[in-house]
DNA sequence: TTATTTTTTTATAATCATTATAAAATAACA
DNA sequence: TGTTATTTTATAATGATTATAAAAAAATAA
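So, in structure tokens, the structure goes:
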């Protein structure tokens, strides 16, 4: 949870960085970024769009998507992807985790002792009743590291 | 990595359990499950469909989806979801993890020391060059635990 | 300032994974 | 064998995201 002060400075920092890298600071961009910094709910693109629609009556959903991509590339925003790839299925029900290659999309098993402690701490902290968890490493697989 | 022996027994076990719970063992079901047990590539629904198409020329994609759901409910298969929900965006770039409520969809922050060790071990094991990682707890949030 | 160029936004259509629906096929059971 | 329940198929619908092209806005040059 970040305070108002940190939030404002994050906004200023972001605007500064955008200015320096030649990315225009449009009203829509400022609104989307401000909304993301203000809200704690990890909104979807559509939620952002709906929240800003009253203030920007003819803003397009594309604008939200386009600018989210800009922010992600600039490192201001992080995406938790659930929507742009197909689900993958695994018949190995033993406890294990996965590494995903961002180049070729390959998914590799990781053998690692279950993160009981982390899960326990998380449930205590959030009050969640945990039914499962996933750890995923994102990066480049050895095959894709070779070339280039 | 599971051996052929374990695989066969998993198949038999699954077929047995299906028989006991009144789920019919159709050729398509057996083919999908066998393929999932044989392959190590964590295939998508479409990959499964394409792999089995030559042998079952008029099988439908729906059949793949339907039966994957059956297997998941029976506990034979696990789904790594990337495709049935919208992405969520977070402007808090500090290292933290998330808990997701399967009832209301709410996403809650978890403060936890970064899993450096797990990531390090994973990169050593897989040869991946890691650029990031995610830990997610799945379960029911306190609000949704109350009612029912 | 005005004209020109570049970037951004908008509106709309296209794509892709997934789900819903209903008819046809199959299997179980009486 | 006839009847019922389940499963498969084919097709359409949905929903998130991306692509495209024209319009608008901002930056730059003259």
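Residue numbers (our numbering), protein chains in the order written: chain A, 50 to 197; chain B, 50 to 197.
Where a beta carbon is used, it is the ideal one built from N, C-alpha and C, also for glycine.
- Assignment of alpha helix (DSSP H) within the stretch 155-196 of chain B, counting only whole runs of 4 or more residues, yields 165-175 and 191-195 in chain order.
- Distance between residue 154 of chain A and residue 78 of chain B, taken at the CA atoms: about 26 angstroms.
- Assignment of alpha helix (DSSP H) within the stretch 87-116 of chain A, counting only whole runs of 4 or more residues, yields 94-101 in chain order.
- Residues of chain A with a Cβ closer than 8 angstroms to the Cβ of residue 147 of chain B are, in chain order, 91 and 129.
- Listed by position along chain A, the residues whose Cβ is nearer than 8 angstroms to that of residue 183 of chain B are 129, 183, 184, 185 and 187.
- A contact is defined here as three or more CB-CB pairs under 8 angstroms, and the stretch 87-102 of chain B fails this definition with respect to the stretch 91-104 of chain A.
- For residue 176 of chain B, the chain A residues whose C-beta falls within less than 8 angstroms of its own C-beta are 190, 191 and 194, listed in chain order.
- Taking the C-beta atoms as reference points, residue 168 of chain A is found nearer than 8 angstroms to residue 182 of chain A.
- For residue 138 of chain B, the uninterrupted beta strand (DSSP E) run begins and ends at 137-139, by DSSP.
- With respect to chain A, the C-beta atom of residue 74 of chain B has no partner C-beta closer than 8 angstroms.
- Contacts between residue 98 of chain B and chain A, judged by CB atoms closer than 9 angstroms, are missing: the closest CB pair is about 11 angstroms apart.
- Taking a 10 Å sphere around the C-beta of residue 191 of chain A, we find fewer than 16 other C-beta atoms and assign the residue as exposed.
- In this model, residue 112 of chain B and residue 187 of chain B are separated by some 27 angstroms (Cα to Cα).
- The bridge partners DSSP lists for residue 128 of chain B are A/138.
- In the displayed model, residue 148 of chain B falls within a strand according to three-state DSSP.
- Ranked by how close their Cα comes to the Cα of residue 193 of chain B, the residues B/83, B/152, B/176 and B/69 have B/152 in first place.
- In summary, the residues of the stretch 100-134 of chain B whose CB is separated from some CB of chain A by less than 9 angstroms are 117, 120, 121, 124, 125, 126, 127, 128, 129, 130, 131, 132, 133 and 134, in the order they occur in the chain.
- Think of a sphere of 8 angstroms around the beta carbon of residue 157 of chain A: the chain B residues whose beta carbon falls inside it are 175 and 177, in chain order.
- Chain B places a beta carbon closer than 8 angstroms to that of residue 168 of chain A, counting this residue as a contact.
- At a cut-off of 8 angstroms between beta carbons, residue 65 of chain A makes no contact with chain B.
- Taking 8 angstroms as the threshold, the shortest C-beta distance from residue 136 of chain A to chain B falls below it.
- DSSP, reduced to helix, strand and coil, places residue 73 of chain B outside both helices and strands of the structure shown, so it counts as coil.
- For residue 94 of chain B, at least one C-beta of chain A is nearer than 8 angstroms to its own C-beta.
- Using beta-carbon distances, residue 61 of chain A does not count as an interface residue toward chain B, since no partner is under 8 angstroms.
- Between residue 131 of chain A and residue 131 of chain B, the gap from beta carbon to beta carbon is short of 8 angstroms.
- Around the beta carbon of residue 145 of chain A, fewer than 16 other beta carbons sit within 10 angstroms, so the residue counts as exposed.
- Contact annotation for residue 165 of chain B against chain A: no contact, minimum CB-CB distance about 12 angstroms [criterion: below 8 angstroms].
- Against residue 144 of chain B, chain A offers no close residue; the least beta-carbon distance is about 11 angstroms (beta-carbon pairs closer than 9 angstroms).
- Interface residue (Cβ-Cβ distance to chain B less than 8 angstroms): residue 80 of chain A is not classified as such.
- Approximately 26 angstroms separates the beta-carbon atoms of residue 117 of chain A and residue 177 of chain B; this is outside 8 angstroms, ruling out the contact.
- Between residue 86 of chain B and residue 140 of chain A, the C-beta gap is smaller than 8 angstroms, which places the two residues in contact.
- DSSP places residue 83 of chain B in the helix class (H, G or I) of the three-state scheme.
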